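Please read the structure below before turning to the comments.
In the working numbering, the protein residues as written are 43 to 332.
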């Protein structure tokens with residue numbers, strides 16, 4: 043009996059060992075397959091840009107808000123409470139975007155919604171829904187960042203901090219809007235340039251303190267028909283040295299943002315999107331040893 047149990051235990055151990063080796067081989071095949079994605083070809087669906095225009099009738103420029111008419115509006119800050127506590131427009135209400143529709147008492151007010159000025163897509167959709175429900179609502183063009191840059195005095199703030207970093211997933215949802223000007227500070231032949239083919243290449247040279255960069259950026263802005271609603275997104279490969287660029291452009295009166303963690307992180311994000319939407323990229327067939 044003891045000999046039989048010993049034999050059975052050895053056989054079980056052998057079966058478990060063989061199974062573990064097979065699973066390891068399968069995982070290696072999947073890993074190799076994921077790494078062998080043809081980046082240029084497989085990401086092409088995510089690189090195209092379908093231009094969307096901002097509806098100007100839904101926008102109000104900060105320049106239109108004065109001390110004489112500011113009390114005509116109810117400002118709603120749809121950012122997080124943490125950001126709201128840092129700085130906000132005086133007398134603003136801090137209400138999440140998807141909760142405004144529950145505040146029926148606001149229907150008689152002229153509502154101005156704002157965030158940092160970086161994200162328009164969800165606000166535009168919600169404004170259309172709110173209008174259909176009887177709300178008088180507009181979007182504050184450029185958000186709080188634009189208000190701060192413009193030097194308005196109706197800000198409640200301890201530091202007037204500007205939140206100017208954009209995560210890669212936000213960039214992906216915003217890239218189609220025509221009010222964005224995308225600036226790539228890498229060289230024109232850089233390996234990652236294909237990720238944002240509609241960007242303008244203006245290499246940033248630290249040696250001359252970026253003065254040539256600032257001049258070329260000004261030239262690009264002049265080409266835009268209506269620069270009053272422009273947002274500028276600047277990026278490089280690794281998301282570093284943005285502070286030097288920001289210092290160079292400190293006198294610019296435009297909303298300037300920077301792609302958080304750069305193009306390398308954006309590429310990783312797109313690869314993840316590709317795997318999620320095209321599961322065939324993953325190995326579904328059994329591995330060689332299965």
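Glycine included, every Cβ here is placed at the ideal spot set by N, Cα and C.
Keep in mind that this is a model prediction, so the values were computed, not measured.
Look at the Cβ atom of residue i, then the Cβ atom of residue j, and state whether they are nearer than 9 angstroms.
i, j, result
"residue 153", "residue 118", "yes"
"residue 221", "residue 302", "no"
"residue 229", "residue 104", "no"
"residue 217", "residue 238", "yes"
"residue 155", "residue 179", "yes"
"residue 277", "residue 206", "no"
"residue 89", "residue 317", "no"
"residue 177", "residue 142", "yes"
"residue 296", "residue 275", "no"
"residue 280", "residue 252", "no"
"residue 246", "residue 255", "yes"
"residue 219", "residue 109", "no"
"residue 186", "residue 130", "yes"
"residue 208", "residue 102", "no"
"residue 259", "residue 224", "no"
"residue 284", "residue 214", "no"
"residue 271", "residue 98", "yes"
"residue 262", "residue 287", "no"
"residue 111", "residue 126", "no"
"residue 40", "residue 306", "It is not possible to answer for residue 40, since the shown part of the chain is limited to 43 through 332."
In this structure, does DSSP put residue i in helix, strand or coil?
i, result
"residue 136", "strand"
"residue 265", "coil"
"residue 162", "coil"
"residue 174", "helix"
"residue 153", "strand"
"residue 308", "helix"
"residue 215", "helix"
"residue 204", "coil"
"residue 315", "helix"
"residue 220", "coil"
Tell me, please, whether the CB atom of residue i is closer than 9 angstroms to any CB atom in chain B?
i, result
"residue 156", "The structure shown has no chain B; it contains just one protein chain."
On the CB-based measure, 16 or more other CB atoms within 10 Å of its CB, does residue i come out buried or exposed?
i, result
"residue 193", "exposed"
"residue 163", "exposed"
"residue 121", "buried"
"residue 169", "buried"
"residue 73", "Because residue 73 carries a pLDDT of 40, less than 50, the predicted location of this residue cannot be relied on, and the following value inherits that uncertainty. Result: exposed."
"residue 160", "buried"
"residue 314", "exposed"
"residue 133", "exposed"
"residue 144", "exposed"
"residue 248", "exposed"
"residue 115", "buried"
"residue 266", "exposed"
"residue 124", "exposed"
"residue 157", "buried"
"residue 147", "exposed"
"residue 264", "exposed"
"residue 257", "exposed"
"residue 107", "buried"
"residue 93", "exposed"
"residue 319", "exposed"
"residue 113", "exposed"
Tell me residue i's beta-bridge partners as DSSP assigns them.
i, result
"residue 299", "275"
"residue 226", "243 and 277"
"residue 188", "DSSP, once it has assigned bridges, lists no residue as partnering residue 188."
"residue 210", "In DSSP, residue 210 forms no bridge with anything."
"residue 179", "153"
Could you give the uninterrupted runs of the alpha helix (DSSP H) lying entirely in the region 231 to 293, keeping only those of 4 residues or more? 253 to 264 and 284 to 290
Quick check on the DSSP output: what are the complete alpha helix (DSSP H) runs of length 4 or more inside the region 87 to 149, in order along the chain? 123 to 128
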